[in-house]
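What follows is a short report on a single structure.
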Amino acid sequence: MSARGRHRRRKRGRALRAVLTGAALGLTAAATMISASQATVGSDPGALKPLTSASDLGALQLRERLEPQQSLDRLASAMGRPVGVDAVLKSADHTMRDAADCTTDEKSALPVEPAATHAYCWDSGDAADPAWTPRSVTTSGDADEDGWWGSNRVILSGWTANTRGLARVAFVNADDPARLTYTWALLAVPTDGGRDYHALVSKISGMVWYQDKLLVTTTGGTRDALYVYDMSRIQRTTVTAGAVGRVREGWSAAGYRYVLPAVGSYRIGGKGAVRPTGLSLDRSSVPDSLVASGAKRLWRYPFSQDPARPGLLATDSAGRAVPEEAYATKAGGTGGVLANGSAWYVGGAPGKDDARGSLWRQDTSDAKATECGADDTHRCWSAQTDSLSYWQETGEVWSVSGRMLFALPLDSIDSSLG
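Sequence positions in the sequence shown follow the working numbering and run 757 to 1174.
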C-alpha cells in the first residue's frame, strides 16, 4: 500500500472536521415521534458472559483460504489492469440527497435518540428500487487511522439483492459532506483458475475495510463465512449486460462498470459453528481486531501484523483464525456491533409490537441502553441496523437503516444511555 501523504492533508482534514462538527440536521417531527407501541422498555440483557471453553471458542474459529496468486493474475491479465478506489470515485454518477430532501418515510428509519448529526438518502432511482436493500457500512476511517484513502474520504455501503442473489457495494466520495456522490461495483468470486468469475450469491450484513482489504459476511449455503476483497484489484467491465462473468463480447457484471473478484475467504467449521453476521473494526485493541456478532455471541479476531499479509486475520500454523476473546449476550436479535475498550455496543432488533430497536452498551459488569421519551423507553434506535462503523478520526459512528445513511458521535450514544 503506497504512502498517502498524511502530513500534507492534516490542515485540510482539520478544516473538514470543523465543517462536519458544525453540521446539524433538523429532522422532521415524524422522524422523532415515539408511538405508543414504542413506549415499551426493552428487557435488560445484563452483563456479558465470557466464553472460555474449548468448545465455545472452537465454534468461532475460521479457516483461511486464499485464492492462488496465479489465478488472480490470470484474471487481471484477461480483463485489463486493475484500477484503484480513486478511479472508481472519479466516475461517480449518482448523488446522495441530504436529509432535508429525503421523504418523511425515509427519515422515519433514523434513530430517535441520540439524533443523527449527518443523514443522507440515496438518489431517487436507487431509493425507489425494491430489488435492493442497503445492509452494511464501512469507511476509510476503518481503512486507515488518519481517515483518508489516497486523497479521498470514502464510505462504502454493501447492498443485497432481494431476489437475484447478488451483492454490490456503493463507493461514496465523502470529501464534501454537503455533496456525497457514489457509484457501484459488483462483488464476485473467481472461478476456473481465474479464467472467469461468478457473482457472490449471498446476503451481506457486515463489512469492514481494513488496510487494503474488504471483508464481508455471507449467509448460508456455503461454509465461507467471510469473503476477502483487495481494494487494489478492482476490475473494469467491458460489457454492460445482465450476465455476470465472461461473455462473448468481453466481461460483464450485471450491468455495473466495476467488479471486485474475491482474493480469499474464511470458512466456518462443521456442526455447531457460528457464522458472523455483524462486523466492525476495533482500533482500541492491540493489535487492531475484527469484531463479530452472531447467534447471541460477540467475539474478536486479531488482525495479522505480518507486513506480507496486510488486512488479513492473524492465523496459526494450520491457517486458523482463532478468537482472542468471546462473550455471550442476551441482547435480543443482535444486529450491528462495535467494541471500544471494554465496552461493546450491540444493536437489538424491535419486539413484535415495536417499530424501533434498541442500542445497548454492555460489558462484563452491566448493560445500559439509549433512552428516550417521557417514560424512558429503550426503543429509540433504528429498526434495522445490521452494521455499525466507528470513524475514530472524527469520533462518529456510521450506520445504514432503511434507505438512510447516517452518522452520530459515539459520545452522544454514551450520554444517552440510561
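Note that CB positions come from ideal geometry on N, CA and C, so glycine has one too.
Quantities reported herein were computed from a predicted structural model and do not represent experimental measurements.
Quiz item: Where does GLN817 land, buried or exposed, given buried means 16+ other C-beta within 10 angstroms?
Solution: buried
Quiz item: First and last residue of the alpha helix (DSSP H) that includes ALA810?
Solution: 810-814
Quiz item: Near PRO1165, which residues of its chain fall below 7 angstroms by C-beta distance, leaving aside the five closest residues on each side in sequence?
Solution: THR873, GLY1151 and GLU1152
Quiz item: What are the start and end residues of each continuous alpha helix (DSSP H) run of 4 or more residues lying completely inside the region 946-999, in chain order?
Solution: none
Quiz item: Buried or exposed: which applies to THR919, given that a residue is buried once 16 or more other Cβ atoms fall within 10 Å of its Cβ?
Solution: exposed
Quiz item: Looking only at its own chain, which residues have a Cβ that is under 6 angstroms from the Cβ of LEU1094, when we skip the five neighbours before and after it?
Solution: SER1036, TYR1101, LEU1144 and TYR1146
Practice problem: Report the option in GLY976, THR1085, ASP1131 and GLY921 whose CA atom is closest to the CA atom of HIS954. | Solution: GLY921
Self-check item: Rounded C-alpha distance that separates GLY903 from ASP968
Solution: 13 angstroms
Quiz item: Cα separation between SER833 and GLN826?
Solution: 10 angstroms
Quiz prompt | Endpoints, beta strand (DSSP E) assigned at MET852 | solution = Where MET852 is concerned, there is no enclosing beta strand (DSSP E), given that its DSSP letter is neither H nor E.
Quiz item: Does VAL1003 come within less than 8 angstroms of chain D when only Cβ atoms are used?
Solution: Looking at the structure shown, chain D is missing, and only one protein chain is on hand.
Quiz prompt | Closest residue to LEU1173 among THR1133, ALA875, ALA1163 and ALA944 (Cα-Cα distance) | solution = THR1133
Quiz prompt | For SER1073 and MET1160, the rounded distance between their alpha carbons | solution = 43 angstroms
Quiz item: Going by Cα to Cα distance, which pick from ARG837, TRP1137, GLY1113 and ALA941 is closest to ALA848?
Solution: ALA941
Quiz item: Quick one: any contact between the region 1028-1043 and the region 943-950, if contact means 3 or more CB pairs under 8 angstroms?
Solution: no
Practice problem: State buried or exposed for PRO806, treating a residue as buried only when at least 16 other CB atoms are found within 10 Å of its CB. | Solution: exposed
Quiz item: From the DSSP output, which residues share a beta bridge with MET1160?
Solution: CYS877 and SER1157
Exercise. Determine the DSSP secondary structure at GLN1140, reduced to helix, strand or coil.
Key: coil
Quiz item: Name the DSSP bridge partner or partners of ASN918?
Solution: For ASN918, which the question treats as bridged, DSSP gives no partner whatsoever.
Quiz item: Taking the alpha helix (DSSP H) that GLU862 falls in, what are its first and last residues?
Solution: 860-863
Quiz item: What is the residue span of the beta strand (DSSP E) that GLN1148 lies within?
Solution: First-last for GLN1148: undefined, no H or E at that position.
Practice problem: With DSSP as the reference, label VAL893 as helix, strand or coil. | Solution: strand
Practice problem: Would you identify the three-state DSSP class for ALA795, choosing helix, strand or coil? | Solution: Confidence is the limiting factor: at ALA795 the pLDDT is only 34, short of 50, which leaves the residue's position unreliable, though a coordinate-based value still follows. Note: ALA795 maps to coil in three-state DSSP.
Quiz item: If you compare alpha carbons, which of GLY897, ALA855, ASP900 and GLU901 is closest to ASP879?
Solution: ALA855
Quiz item: Sorted by chain position, which residues of the same chain lie with C-beta nearer than 7 angstroms to ARG1023's C-beta, five sequence neighbours on each side aside?
Solution: LEU818, ARG819, ARG821, ARG979, ASP980 and ALA981
Quiz prompt | ARG830, enclosing alpha helix (DSSP H) - first and last residue | solution = 825-835
Self-check item: Contacts around GLU823, its chain only, beta-carbon distance under 7 angstroms, and the 5 residues preceding and following it disregarded
Solution: PRO946, ALA1018, VAL1019 and GLY1020
Self-check item: Beta-carbon gap between GLY1028 and ALA815 smaller than 8 angstroms
Solution: yes
Quiz item: If you count every other CB in all the chains shown that lies within 10 Å of the CB of ARG770, and 16 or more means buried, which is it?
Solution: Only weak support is given to the placement of ARG770: the predicted model assigns it a pLDDT of 39, under 50, and the value that follows is read from those uncertain coordinates. It counts as exposed.
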